[in-house]
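Comments concern the structure below.
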Amino acid sequence: MELPKKNYAALTSSLCDEVISNLPENYAFFGHSMGGLLAYGIAHGLFARNLPLPVALLISGCAAPNRQDSERYSKIQGEQALIADLRKQAGTPEEVFNHPELMAMVLNVLTIDYSVCGSFRYTKLPALPLSINVFGGRSDEIDEPKLSDWRLTATRIFTLDWFDGGHFYFRQCEEVFLTTLVKRLAENVLDKPYEAHSTA
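Using UniProt numbering, the first residue of the sequence shown is number 1, and each one after it goes up by one.
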């Protein structure tokens with residue numbers, strides 16, 4: 001079994017290799033937190049290979065590339081520091097913290113995730129010819145300036161939608177978030193404002 005890649009450049013290159021064999025005509029990438037940064041890296045990998053790009057990147061709870069604080073992850077060392085950071089983000093059920101085996105699995109994955117994020121180095125790249133739709137929680141430490149700079153990474157439409165809550169805001173306002181997500185995705189596919197229609 002292939003070991004998980006702990007380097008951002010290696011991981012995004014590998015993911016790009018995996019998706020190129022099955023690119024649909026119209027598609028978009030959605031990524032939350034580290035997933036947003038990975039979506040950005042994969043899109044640039046496709047762009048560099050002159051392959052069809054997604055119509056949009058839908059980015060949630062992730063600072064723009066030029067606003068990434070890679071050093072933050074190197075400061076979080078050891079099990080207790082990782083657990084404290086998990087609690088701060090308020091996205092892990094309490095049952096997980098009380099289950100040693102589950103906690104060990106979570107910490108193993110989190111260690112790899114933080115290694116990937118910590119290895120990211122910002123380089124100014126060409127703006128991508130696609131739209132960027134960004135979503136954030138009003139109580140998240142990833143604030144407006146960190147999210148707004150995503151507009152620098154693309155040449156088409158930029159939107160920024162806010163929701164009540166922290167880093168995992170969508171857990172407390174799932175319906176509102178999903179409605180907004182569908183709206184933004186439809187606008188990108190249709191290339192015009194989208195109005196939801198009742199099916200009743």
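Using N, Cα and C, we set each Cβ at its ideal position, and we do this for glycine too.
Residue i: first and last residue of the uninterrupted alpha helix (DSSP H) it sits in
| i | result |
| --- | --- |
| L86 | E79 to Q89 |
| R121 | Unbroken run through R121: none, as it is neither H nor E. |
| R49 | Neither: R49 is in no alpha helix (DSSP H) and is coded neither H nor E. |
Beta bridge counterpart(s) of residue i as assigned by DSSP
| i | result |
| --- | --- |
| G31 | I59 |
Where residue i falls: helix, strand or coil (DSSP)
| i | result |
| --- | --- |
| F158 | strand |
| G137 | strand |
| F168 | coil |
| T199 | The predicted model places T199 with a pLDDT of 34, which falls under 50 and marks its position as unreliable, so this point remains unresolved. |
| M1 | Any reading at M1 needs caution, since the residue's pLDDT is 44, under 50, leaving its predicted position unreliable; the model's value is listed next. Coil. |
| S148 | helix |
| residue 201 | Look at the range of the chain in this structure, 1 to 200, and you will see that residue 201 is not part of it. |
Nearest to residue i (by Cα), restricted to the options the options
| i | options | result |
| --- | --- | --- |
| R67 | N7, C117, P24 and F30 | C117 |
| I76 | L107, P54, P52 and P65 | L107 |
| W150 | H99, E79 and C62 | C62 |
| P52 | I42, I59 and T153 | I42 |
| N26 | R87, L11, F47 and V55 | V55 |
| residue 208 | Y8, L37, N50 and S60 | No statement about residue 208 is possible, as the shown extent of the chain runs from 1 to 200 and does not include it. |
| L82 | L160, Y114, E95 and P100 | Y114 |
| W162 | D140, P129, A10 and F30 | D140 |
| Three or more C-beta pairs closer than 8 Å, one from the stretch 87 to 94 and one from the stretch 178 to 188: is that the case here? | no
| message | Check whether the stretch 136 to 145 and the stretch 96 to 103 are in contact - that is, three or more C-beta pairs closer than 8 Å. | response | no
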